[in-house]
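Chemist: Reminder that position 170 of the sequence shown reads as 1532 in the numbering used here, one-by-one numbering, no gaps.
By construction, the Cβ of each residue, glycine as well, lies at the ideal position given by its N, Cα and C atoms.
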Amino acid sequence: GCCGSRCFDWDTLTCEQPSGCISGAMAPPLRLSPTVTEIEESTTVAIFSKVSDMKSRGERVNGALCVGQPDFPPPPEAIMATCEAAEKGMTAYTGVNGTLELRQAIVEYLKEHKKVTYKPDEVVVACGGKQAIYQVMLALCQKGDEVIVPAPYWTSYPDIVKLSGATPVILETKAEHGYAIDPAALAAAITPRTRMLIVCNPSNPTGCAMTAEQLEAVAEVLRRPANEGVFVLSDEIYERITFDGLKHVSFAALGGMWDRTLTINGFSKAFSMTGYRLGYLAAPKPVVQAVSKLQSQITSCATSISQHAGVAALKSPMSYIDEKVVELKQKRDLGLGLLAKIPEVTCPTPGGAFYLFPDISAYFGGKTSGGEEINDSTKLCLHLLDEYRVALVPGDAFGAPRCLRLSYAATVENITDAITKLGLCLQALQRPKKARTA
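1. What is the residue span of the beta strand (DSSP E) that Pro1436 lies within?
2. Determine whether the beta carbon atoms of Val1687 and Phe1605 lie at a separation below 9 Å.
3. Does the beta-carbon of Lys1647 have 16 or more other beta-carbons within 10 angstroms, so that it is buried, or is it exposed?
4. Which residue marks the beginning of the alpha helix (DSSP H) containing Gly1811, and which one marks its end?
5. Considering only the beta carbon of each residue, do Leu1427 and Ala1753 sit closer than 9 Å?
6. Looking only at DSSP bridge pairs, what is Ser1596 linked to?
7. Residues bridged to Asn1424 by DSSP?
8. I believe Ser1612 touches Lys1476 by the beta-carbon criterion, under 8 Å. Please report the beta-carbon distance rounded to the nearest angstrom.
9. If I measure Cβ to Cβ from Asp1721 and keep anything under 6 Å in the same chain, skipping five residues before and after, which residues do I get?
10. Between the beta-carbon of Ala1513 and the beta-carbon of Glu1534, is there less than 9 Å?
11. Output needed for Ile1736: all residues of its chain with C-beta closer than 8 Å, excluding positions within five of it in sequence on either side, in chain order.
12. List, from N- to C-terminal side, the alpha helix (DSSP H) runs of 4 residues or more that fit wholly inside the region 1459-1497.
13. Quick one: does the C-beta of Glu1421 sit closer than 8 Å to a heavy atom of the ligand MN?
14. For Ala1513, does the three-state DSSP call read helix, strand or coil?
15. Touch check for the region 1435-1448 and the region 1780-1788: three-plus C-beta pairs under 8 Å?
16. Do Tyr1638 and Gly1697 have their CB atoms nearer than 9 Å?
17. Determine the contact status of Val1583 and Ile1560, defining contact as a CB-CB distance below 9 Å.
18. Is Thr1711 buried or exposed, if buried means 16 or more other CB atoms sit within 10 Å of its CB?
19. Out of curiosity, what's the CA-to-CA distance linking Ile1435 and Pro1794?
20. So which of Lys1677, Pro1391 and Gln1651 has the shortest CA-CA distance to Glu1474?
21. Less than 9 Å separating the beta-carbons of Leu1500 and Ile1401?
22. Indicate the three-state DSSP secondary structure (helix, strand or coil) for Lys1729 in the structure shown.
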């Protein structure tokens, strides 16, 4: 038997020494659960890990545009609260669903800024928004259920759905519509087995920020008697990052939607507190109680220090974030301008978040100088990383193989360097000549 240690190849899930484990240990054969083997590793995490490995070897790599992480620090008030919590001994466990102080601050924030009313016992604090999504999916979905996932989608959605036992149903959206959900297509996708619809607004990876009118059209489909049993998981982690005068609307604020909306939010994006691992779910009390029960057996509470910092962040002047959003808009416009200089690359103007999602498929079929054919975005990203030392995320990971995702929450220098090299990479490909028409 294999010890599952030094001689085990985690890429192929096989022992490299089938005739005898090099550890000399006699252990049962390593058999992984289908829970692991039937899901994919997060592509963004995998690419970021490869970039980190290359940097650790002393290689210069521009990986700033591959991870959805702001390049500015958290609000000063959050930093000071972090120090205060440590110095004053706020280092013990809290209640599983979070401190009352933080849950009350979340309630006040949502009422003031999102125009939705919750009570503290209708909020559960988790170790990041991803955990909150996972837990509410586990709490409400099971085998036989369907969850509608608009594509392009955040890489983790389909696999989180699978972990719950439910089946992800992919709902395509179109670049020419800014990747907004089409109400008619949504209506056609709903079946008696539909348990939930995921709405990521603003969107990762496209940056689509749906207007109040577009959201209302989606809600109108859900109000139909046949669709009254469909929940909406509204991922609003980017809600403070919108541009061009667009005002974000919480799905729970729409008429008749509060009871059916599972609002996900947190501190990683607008507050730039990614490492704090702090997010939350706001939902009807029975849902929150079920999620808290699950969390009690998974991680228990979020860290006490992070929770104290979260209170300070919510109570800090929002002008700090507003200034950063102005800077992000300038970086968005820079990135769009650079992409526009690359022939045959198209990219809708995103209304929120901090991503560009250009279509680079016009270059598929081209060959590198070494003769390798580039026929999908994954091969292109690997070529770009190996030859130009720039890391971007292939659209395959988001259900959109014609595209790439670029995060412009980076320095002007890194944005300029990465997109310029992307252009050089694409235009260096040797493409078949197009047939001339008579």
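Modeler: Per the coordinate set shown:
1. Counting along the chain, Pro1436 falls outside any beta strand (DSSP E), and DSSP gives it neither H nor E.
2. yes
3. exposed
4. For the chain, the structure presents residues 1363 to 1800; residue 1811 sits outside this window and is missing.
5. yes
6. Val1561 and Thr1625
7. Val1752
8. 4 Å
9. Thr1708, Arg1764 and Cys1765
10. yes
11. Tyr1725, Phe1726, Gly1727, Gly1728, Lys1729, Thr1730, Leu1742, His1745 and Leu1791
12. 1462-1471
13. This structure lacks the ligand MN; in fact it carries no ligand of any kind.
14. strand
15. no
16. no
17. no
18. exposed
19. It should be pointed out that residue 1435 corresponds to Pro in this sequence rather than to Ile. Distance between the alpha carbons of Pro1435 and Pro1794: 47 Å.
20. Lys1677
21. no
22. strand
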